[in-house]
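Colleague: Take a look at this one; I'll ask things after.
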Amino acid sequence: MSTTEKKYNEAESWVVEAETFRDSVGTMDTTGKRKWVYPRKPKGKYTNYRLLVSILLLIIYFSIPFIKINGNPVLLINIIERQFYILGQPFYPQDFFILALGAITSLVFIILFTVAFGRIFCGWICPQTIF
């Protein structure tokens, strides 16, 4: 028997037995050379849709500073001068509780959305995967 005992199961795939999977390193072949991984570029209609969503979000992200509502920027957070504009509406330090309430509401929405549709959030909307 070889160092890695393999068994053919009903699902027509080879399974390494639990007792012997530590006998060899998964990234090395039997001669000790490294097994390289060559990823393939994903393709398909959902990948194309995801690319379009990413481009749309980047366009929105980079154009927001130049869009004005009633002469005020759409989003401006200037902590030093204590000016906050959200959707063109000015907020002052005494209005902070409104911003805090909105932030808590947004946080709860994001948490509930990721619980219900986590894969959609991580693959399509999350800024970490877009940039």
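Numbering (this note's numbering), first residue to last: 81 to 211. Heads up, the beta-carbon is just placed ideally off N, CA and C, and yes, glycines get one too. Computed from a prediction, not measured in an experiment: that's the story for all the values here.
1. Could you tell me the alpha carbon to alpha carbon distance between residue 128 and residue 172, rounded to whole angstroms?
2. Assuming residue 157 is part of the beta strand (DSSP E), what are its boundary residues?
3. Based on Cα-Cα distance, which residue from 130, 175 and 166 lies nearest to residue 144?
4. Can at least three beta-carbon pairs, one atom from the segment 150-164 and one from the segment 172-190, be found at a separation below 8 Å?
5. If you draw a straight line from the alpha carbon of residue 159 to that of residue 118, how long is it in whole angstroms?
6. Return the CA-CA distance between residue 154 and residue 192, expressed in angstroms with no decimal places.
7. If you draw a straight line from the alpha carbon of residue 123 to that of residue 139, how long is it in whole angstroms?
8. Are the CB atoms of residue 102 and residue 108 nearer to each other than 8 Å?
9. Hey, how far is the Cα of residue 187 from the Cα of residue 116?
10. Per DSSP, what are the beta-bridge partners of residue 114 in this structure?
11. How long is the line joining the alpha carbons of residue 185 and residue 112, rounded to whole angstroms?
12. Tell me the rounded alpha-carbon separation between residue 131 and residue 142.
Modeller: In short:
1. Across the structure, residue 128 and residue 172 are spaced so that their CA atoms are roughly 42 Å apart.
2. Start and end: 155-158.
3. For the options 130, 175 and 166, the alpha carbon positioned closest to that of residue 144 is the one of 166.
4. Three or more pairs of CB atoms, one per stretch, sit closer than 8 Å, so the segment 150-164 contacts the segment 172-190.
5. Annotation: residue 159 to residue 118 spans about 47 Å, alpha carbon to alpha carbon.
6. Taking the straight line joining both Cα atoms gives about 26 Å.
7. It is roughly 23 Å from the alpha-carbon of residue 123 to the alpha-carbon of residue 139.
8. No; because the gap between Cβ atoms is not below 8 Å, this pair is not in contact.
9. Straight-line Cα distance between these residues: approximately 41 Å.
10. In the DSSP output, where bridge partners are listed per residue, residue 114 has 108.
11. Spanning the two alpha carbons is a distance of roughly 55 Å.
12. Spanning the two alpha carbons is a distance of roughly 17 Å.
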